[in-house]
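Enquirer: Numbering (this note's numbering), first residue to last: 132 to 585.
Here it is, the structure, as structure tokens.
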């Protein structure tokens with residue numbers, strides 16, 4: 132020990148001081164639902180044309196044919212409705228990043244503990260940051276998905292679920308049957324994947340493994356709610372409503388896909404590519420002073436891009452490391468695959484209403500009848516769209532190898548009905564109208580002309 136440090140205390144080091152195993156349930160909820168989507172094999176590698184090079188990907192499909200009524204005995208010699216495959220393009224657009232961390236060489240000089248090196252310290256910092264980084268990613272993903280919530284099959288934006296009495300613990304099996312019934316009514320065959328917060332959802336996740344009769348004669352062990360995850364109230368935090376009731380997000384797993392992209396790959400990845408190489412930057416190994424690599428979260432398997440820089444003349448002209456993590460991702464809500472209500476996309480939101488004497492949360496009144504649709508209208512300028520080679524209607528993109536000629540407003544209506552199945556468009560004078568619950572926008576020829584309904 133040097134003379135300058137003779138008055139310092141002998142220091143010990145607390146290994147594994149922070150519990151780094153916490154994983155928000157939002158992440159396994161989303162990844163499990165995405166993995167259950169077996170009818171479309173859209174994967175992360177579909178966006179990669181080479182290491183670190185990202186492109187868009189195109190999905191070709193035949194959408195649902197909702198208007199199929201014909202006449203018996205009709206001739207096959209006459210021209211029928213032309214059915215063309217539709218196209219949808221996807222690209223990865225989202226990114227979640229940690230802040231930049233700095234590690235100064237001088238801060239390590241006086242530590243007496245001798246069973247660590249620079250790699251160990253940097254790895255410990257990253258591991259200690261991972262619980263918060265996972266929660267940040269979960270919040271970003273959930274916020275993004277909540278922005279894509281559609282209407283329920285009855286046309287309402289939300290509904291209430293009475294699941295149990297939080298004071299007595301008595302379970303209401305009809306509450307979850309109501310949710311499942313609405314998915315069945317939407318002509319969906321799969322069990323929904325659900326995520327919710329609050330005491331009701333937590334109790335349901337726990338009671339499923341506890342058999343026995345409660346005071347109301349309900350065998351709580353027989354109340355099975357598959358594919359249910361509990362979160363501590365993140366939905367309420369995102370919605371800015373933490374006091375007036377809890378939420379349940381339910382999705383049809385066939386309607387979403389979670390994908391990611393690694394930027395530090397291929398020729399864009401340095402030879403030193405791990406947090407365990409950080410000490411080599413200090414020693415000047417192989418002439419490197421930065422790292423473009425990856426860090427794999429040991430708890431979730433999520434791969435983060437790792438960016439590290441070693442600055443020889445940092446703070447106070449002393450050496451220091453700076454590093455941060457990035458994860459590039461996206462959640463795709465796929466085109467409608469059912470002839471359902473306009474605005475329904477298989478991603479729906481509910482409010483819970485505990486079975487107590489208190490009133491239901493504001494905004495969570497259970498609807499007694501289907502919501503009345505609104506007539507939306509737009510006036511097109513046909514002179515600006517003589518032909519259509521590409522369109523995006525209500526978020527659904529389509530391309531035509533042979534441009535479609537638009538001579539009359541009826542031609543435009545027929546085109547829109549053929550390429551967007553979630554609404555039925557009609558002509559009213561010089562206007563195009565449809566009845567629905569959500570206003571849509573339409574653009575033609577890659578945005579050269581737009582049509583907005585209101």
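Note that the Cβ used here is the ideal one computed from N, Cα and C, for glycine as well.
#1: Out of 160, 190 and 509, state which residue places its alpha-carbon closest to the alpha-carbon of residue 174.
#2: Examine the ligand GTP and report whether any of its heavy atoms sits within less than 7 Å of the Cβ of residue 219.
#3: For residue 196, count the other beta carbons within 10 Å of its own beta carbon; 16 or more makes it buried, fewer makes it exposed. Which is it?
#4: In chain order, what residues of the same chain lie with their CB nearer than 6 Å to the CB of residue 250, ignoring the 5 residues before and after it?
#5: Going by Cα to Cα distance, which pick from 391, 255, 257 and 277 is closest to residue 479?
#6: Measure the beta-carbon distance from residue 228 to residue 419 and round it to whole angstroms, keeping in mind my assumption that it falls under 8 Å.
#7: Counting along the chain, where does the alpha helix (DSSP H) carrying residue 162 start and finish?
#8: Determine the closest residue to residue 521 out of 550, 542 and 538, with distance taken between C-alpha atoms.
#9: Give me, in chain order, the residues of the same chain whose beta-carbon lies closer than 8 Å to that of residue 534; leave out the 5 immediate sequence neighbours on both sides.
#10: Going by DSSP, which residues form a beta bridge with residue 452?
#11: Given a cut-off of 8 Å on the beta-carbon distance, is the pair residue 379 and residue 325 in contact?
#12: Rounding to the nearest angstrom, what Cα-Cα distance links residue 461 and residue 223 in this structure?
#13: Verify whether the separation of the beta carbon atoms of residue 314 and residue 383 is less than 8 Å.
#14: Among the residues of its own chain, which have a CB less than 8 Å from the CB of residue 226, if the five just before and after it don't count?
#15: Quick check on the DSSP output: what are the complete beta strand (DSSP E) runs of length 3 or more inside the stretch 173-207, in order along the chain?
#16: Going by the DSSP bridge assignment, what does residue 507 pair with across the sheet?
#17: Which class does residue 98 belong to by DSSP, given the choice of helix, strand or coil?
#18: According to DSSP, residue 463 sits in a beta bridge with which residue or residues?
#19: Let me confirm a value: residue 214 is counted as buried when at least 16 other C-beta atoms fall within 10 Å, else exposed. Which label applies?
#20: Helix, strand or coil for residue 304 per DSSP?
#21: Per DSSP, which one or two residues make a beta bridge with residue 280?
#22: For residue 255 and chain B, any beta-carbon pair shorter than 8 Å?
#23: Could you give the first and the last residue of the continuous alpha helix (DSSP H) run that contains residue 549?
#24: Excluding the five sequence neighbours on either side, which residues of its own chain have a C-beta within less than 6 Å of the C-beta of residue 398, listed in chain order?
#25: I want to know whether the stretch 256-273 touches the stretch 361-373 - three or more CB-CB distances under 8 Å.
#26: With a cut-off of 8 Å, do at least 3 Cβ pairs link the stretch 462-479 to the stretch 443-454?
#27: Looking at the strands, I want to know which residues DSSP matches up with residue 559.
#28: Assuming residue 469 contacts residue 319 (C-beta within less than 8 Å), just tell me the rounded distance between them.
#29: Can you list, in chain order, the residues of its chain with a C-beta nearer than 6 Å to that of residue 527? Leave out the 5 residues immediately preceding and following it.
#30: Give the secondary structure of residue 271 by DSSP, where H, G and I count as helix, E and B as strand, and everything else as coil.
#31: Could you tell me if residue 482 is buried or exposed, where buried requires 16 or more neighbouring beta carbons within 10 angstroms of its beta carbon?
#32: Since residue 393 contacts residue 425 with CB under 8 Å, what's their CB separation in whole angstroms?
#33: So, is residue 200 buried or exposed, given that buried needs 16 or more other C-beta atoms within 10 angstroms?
#34: Use the C-beta contact count for residue 169: other C-beta atoms within 10 angstroms, 16 or more gives buried, fewer gives exposed.
#35: Quick one: Cα of residue 540 to Cα of residue 210, how far?
#36: When DSSP builds the beta bridges, which residues end up paired with residue 530?
Expert: On the basis of the data shown:
#1: Position 43 of the chain shown, counting from 1, holds the residue named residue 174. Per the Cα distances, 190.
#2: Of the ligands one can find in the structure shown there are none, so the ligand GTP has no counterpart to examine.
#3: Taking the chain shown and counting its residues from 1, the one referred to as residue 196 is at position 65. With fewer than 16 other Cβ atoms within 10 Å, it is exposed.
#4: Stepping through the chain shown from its first residue, residue 250 is reached at position 119. If we look at residue 250 and ignore the five residues flanking it on each side, its Cβ neighbours are 407, 409 and 410.
#5: The residue given as residue 479 occupies position 348 in the chain shown. Ranking the options by Cα distance to residue 479, first place goes to 277.
#6: For the purposes of this step, residue 228 is taken as residue 97 along the chain shown, with counting starting at 1. For the purposes of this step, residue 419 is taken as residue 288 along the chain shown, with counting starting at 1. Their Cβ separation, rounded to whole angstroms, is 22 Å, which puts residue 228 and residue 419 out of contact at 8 Å.
#7: Numbered from its first residue, the chain shown carries residue 162 at position 31. It spans 157-166 - the alpha helix (DSSP H) in which residue 162 sits, taken as one unbroken run.
#8: In the chain shown, counting from the first residue as 1, residue 521 sits at position 390. Just measuring C-alpha positions, the residue of 550, 542 and 538 sitting nearest residue 521 is 550.
#9: By 1-based counting over the chain shown, the position of residue 534 is 403. So the list reads 518, 519 and 520, once near-sequence residues are dropped.
#10: Residue mapping note: residue 452 aligns to position 321 of the chain shown, counting from 1. Its beta-bridge partners are 234 and 441.
#11: Reading the chain shown from its first residue, position 248 is the one you call residue 379. Reading the chain shown from its first residue, position 194 is the one you call residue 325. Contact flag set, yes.
#12: For this step, residue 461 is matched to residue 330 along the chain shown. For this step, residue 223 is matched to residue 92 along the chain shown. About 5 Å.
#13: Locating residue 314 in the chain shown gives position 183, where the first residue counts as 1. Locating residue 383 in the chain shown gives position 252, where the first residue counts as 1. For residue 314 and residue 383, yes; Cβs fall inside 8 Å.
#14: Translated into the one-based positions of the chain shown, residue 226 becomes position 95. For residue 226, where only same-chain residues beyond five positions count, the Cβ hits under 8 Å are 457, 458, 459 and 460.
#15: The qualifying runs are 179-181 and 188-192.
#16: The residue given as residue 507 occupies position 376 in the chain shown. Paired residue(s): 565.
#17: Any question about residue 98 goes unanswered here, given that the chain covers just 132 to 585.
#18: Stepping through the chain shown from its first residue, residue 463 is reached at position 332. In the DSSP output, where bridge partners are listed per residue, residue 463 has 388.
#19: On the chain shown, position 83 is the one that residue 214 refers to. That one is exposed.
#20: Working through the chain shown from its first residue, we reach residue 304 at position 173. Three-state DSSP puts residue 304 in a helix.
#21: Counting from one through the chain shown, the residue named residue 280 turns up at place 149. None, per the DSSP bridge assignment.
#22: Judged by its chain identifiers, the structure shown contains no chain B, having just a single protein chain.
#23: Here residue 549 is taken as the residue at index 418 of the chain shown, counted from 1. The continuous alpha helix (DSSP H) containing residue 549 extends over residues 540-550.
#24: Indexing the chain shown from 1 puts residue 398 at position 267. Excluding residues within five positions, none has a Cβ falling inside 6 Å.
#25: Touching, per the Cβ criterion.
#26: no
#27: The residue given as residue 559 occupies position 428 in the chain shown. Per DSSP, 562.
#28: Here residue 469 refers to the residue found at position 338 when the chain shown is read from its first residue. Here residue 319 refers to the residue found at position 188 when the chain shown is read from its first residue. About 7 Å separates the two Cβ atoms, so the contact holds.
#29: Residue mapping note: residue 527 aligns to position 396 of the chain shown, counting from 1. If we look at residue 527 and ignore the five residues flanking it on each side, its Cβ neighbours are 466 and 551.
#30: The count along the chain shown starts at 1 and reaches residue 271 at position 140. Looking at residue 271 - three-state DSSP - the assignment turns out to be helix.
#31: As a working mapping, residue 482 is identified with position 351 in the chain shown. So residue 482 ends up on the buried side.
#32: Here residue 393 refers to the residue found at position 262 when the chain shown is read from its first residue. Here residue 425 refers to the residue found at position 294 when the chain shown is read from its first residue. That pair is a contact at about 6 Å.
#33: Taking the chain shown and counting its residues from 1, one reaches residue 200 at position 69. Looking at its Cβ environment, which holds fewer than 16 other Cβ atoms inside 10 Å, residue 200 is exposed.
#34: Taking the chain shown and counting its residues from 1, one reaches residue 169 at position 38. With fewer than 16 other Cβ atoms within 10 Å, it is exposed.
#35: Position 409 of the chain shown, counting from 1, holds the residue named residue 540. Position 79 of the chain shown, counting from 1, holds the residue named residue 210. Approximately 21 Å, taken between the alpha carbons.
#36: Against the chain shown, residue 530 aligns to sequence position 399. Looking at the DSSP assignment, residue 530 forms a beta bridge with 521.
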